[in-house]
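Everything below concerns the one structure shown next.
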Amino acid sequence: MLIRSGRRGRNRSQEPSRETKKRKPEKENRSEAPKQEPRREHEEQERKHEEHKDHEHQRLAKNYEDLEEELERNLKILERAVCPLDFRPKVMATMWITKLRSPPQSSDDARARNAIAAHLAKCIKDDVFEFEPFSKPPSPDNFITIKKKLVEFE
C-alpha cells in the first residue's frame with residue numbers, strides 16, 4: 001500500500017530516507033577531503049624523493065668505494081715496481097703516486113685518476129717515468145686535464 005505525502009504524485013518510497021538526509025553533511029565533509037589529499041600526495045612525493053636521493057647517494061658511495069679500492073690496487077703495483085728504478089724515475093714515480101693519492105674534486109676526476117693509475121701500473125715495466133708526461137713532476141691540474149694530456153702523448 002502506498003502512502004501519499006502532501007506533495008502531489010510522490011509517495012513516501014520516493015522521498016529521501018533519513019539515511020540519505022544524514023549523508024548530505026558527510027558529502028560536505030568529503031569536500032574537505034580533497035584539501036587534505038594534495039598535502040598527502042605532496043608528503044608522499046617528498047618521501048619518494050628522499051628515498052630516491054638516499055638510494056642514489058648509496059649508489060654513488062658504493063661507486064666511490066669501488067674507485068678507491070681499484071686505485072689502491074694500482075698504487076700497490078706501482079709501489080712494488082718503484083724499488084728497482086733509477087734515482088730520477090723513482091723520484092718521479094713517488095711524486096706521481098703522491099699526486100694520485102690526493103683526493104679528487106669530482107666523480108669524473110676520480111675516474112680520470114684511476115685511469116692514470118691503471119695506465120702507470122700497466123706500463124711501469126716499459127720505463128713509463130722516462131717519457132712525457134710522467135718524466136716531469138705532476139702538474140697542479142685536476143686529473144681530467146692530466147688524462148687529456150696523457151691521451152695526447154699516446
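Using my numbering, read the sequence shown as starting at 1 and increasing by one per residue. The beta carbon of each residue, even a glycine, is placed where N, CA and C say it ideally should be.
Inset, instruction - Can you grab the Cα-Cα spacing for the pair residue 114 / residue 41, in whole Å? - result: Taking the sequence shown and counting its residues from 1, one reaches residue 114 at position 114. Taking the sequence shown and counting its residues from 1, one reaches residue 41 at position 41. Using only the alpha carbons, I get a separation of about 44 Å.
Inset, instruction - Would you check if the region 129-136 and the region 104-114 touch, i.e. whether three or more CB-CB distances between them fall below 8 Å? - result: no
Inset, instruction - With residue 141 as the anchor, note down where its alpha helix (DSSP H) starts and where it stops. - result: Residue 141 sits at position 141 when you count from the first residue of the sequence shown. Taken as a continuous stretch (DSSP letters only), residue 141 belongs to no alpha helix (DSSP H), as it is neither H nor E.
Inset, instruction - Please work out which residues of its chain come closer than 6 Å, Cβ to Cβ, to residue 82, disregarding the five sequence neighbours upstream and downstream, and give them in chain order. - result: Mapped onto the sequence shown, residue 82 falls at position 82. Answer for residue 82: 90, 93, listed in chain order.
Legend entry - Terminal residues of the alpha helix (DSSP H) in which residue 100 lies: To locate residue 100, count along the sequence shown from 1; it is residue 100. Looking at the DSSP string, the run of the alpha helix (DSSP H) that includes residue 100 is 87-101.
Inset, instruction - Excluding the 5 residues preceding and the 5 following residue 99 in the sequence, name in chain order all residues of the same chain whose CB lies nearer than 8 Å to its CB. - result: Position 99 of the sequence shown, counting from 1, holds the residue named residue 99. Cβ within range, chain order: 138.
Inset, instruction - Would you kindly work out how many angstroms separate the C-alpha atoms of residue 110 and residue 143, rounded to a whole number? - result: Within the sequence shown, the letter at position 110 stands for residue 110. Within the sequence shown, the letter at position 143 stands for residue 143. Spanning the two alpha carbons is a distance of roughly 7 Å.
Legend entry - Segment limits, alpha helix (DSSP H) that includes residue 106: Start at 1 with the first residue of the sequence shown, and residue 106 comes out as number 106. Careful: residue 106 lies outside any alpha helix (DSSP H) and carries neither H nor E.
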